[in-house]
Amino acid sequence: MLEEMKIERSLSVQLIDIIFAIENSSNHVTSYYNKKTQKIISLFEELIDQDLIDEIDENWDQYIALPSSYDVHEYQIMQDFILNLKNKDIRDQLWNTIHGKGAFRRFKDLAARFGVLEDWFLYLNQQYRKIAIKWCRENNIIYVE
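Residues 6 to 150, numbered by our numbering, are exactly what the sequence shown covers, in order.
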């Protein structure tokens with residue numbers, strides 16, 4: 006019992022590794038934090054590693070799922086970014102372009118044209134960082150900057 010408590014208290018991870026996994030999450034990639042090795046592993050749908058799947062299934066209590074693309078809500082983040090823009094013309098045009106198929110591509114193209122694409126990526130990275138920190142805190146994992 007004491008050994009388990011010691012392990013649980015000393016869990017740590019590089020924050021950048023969590024952010025990277027969140028940025029690269031998709032319908033085809035699932036990432037986990039291994040409490041024993043304190044490393045992040047990713048399962049890629051097209052590269053099925055049955056041994057790794059079996060390892061996770063057999064030792065599920067040693068793994069914590071990282072936020073998935075479903076948890077991140079990038080579309081909502083994009084909407085929040087637009088709503089926080091000071092320039093009403095840019096805000097309105099970007100808002101009108103984010104509906105329907107291809108919304109992200111159109112948004113990025115128009116954001117580049119308006120010169121706010123770098124601001125978008127900074128904002129998105131800040132949101133990924135917040136999500137990563139929240140995940141670490143919820144799972145009692147110390148993050149290292």
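Even for Gly, the Cβ is constructed at its ideal location relative to N, Cα and C. Everything numeric in this text was worked out from a predicted model, so none of it was measured.
{"query": "Since I believe Arg134 is in contact with Ile24 (beta carbons under 8 Å), could you give me their beta-carbon distance rounded to a whole number of angstroms?", "result": "6 Å"}
{"query": "Less than 7 Å between the C-beta atoms of Trp125 and Pro72, yes or no?", "result": "no"}
{"query": "By how many angstroms is the C-alpha of Trp65 removed from the C-alpha of Asn32?", "result": "21 Å"}
{"query": "In whole angstroms, give me the CA-to-CA distance for Asn144 and Val77.", "result": "17 Å"}
{"query": "According to DSSP, is Ile146 helix, strand or coil?", "result": "coil"}
{"query": "Does the separation of the CB atoms of Ile82 and Arg96 fall below 7 Å?", "result": "no"}
{"query": "Taking the beta carbon of Ala108 as the centre, do at least 16 other beta carbons fall within 10 Å, making it buried, or is it exposed?", "result": "exposed"}
{"query": "Does the distance from the C-beta atom of Gln67 to that of Lys91 stay below 7 Å?", "result": "no"}
{"query": "Using a Cβ-Cβ cut-off of 8 Å (strictly less than) and excluding sequence neighbours within five positions of Gln19, which residues of its own chain qualify?", "result": "Tyr148 and Val149"}
{"query": "Got a sec? Which residues, its chain only, sit under 7 Å from Trp100 by beta carbon, not counting five neighbours each side?", "result": "Ile87"}
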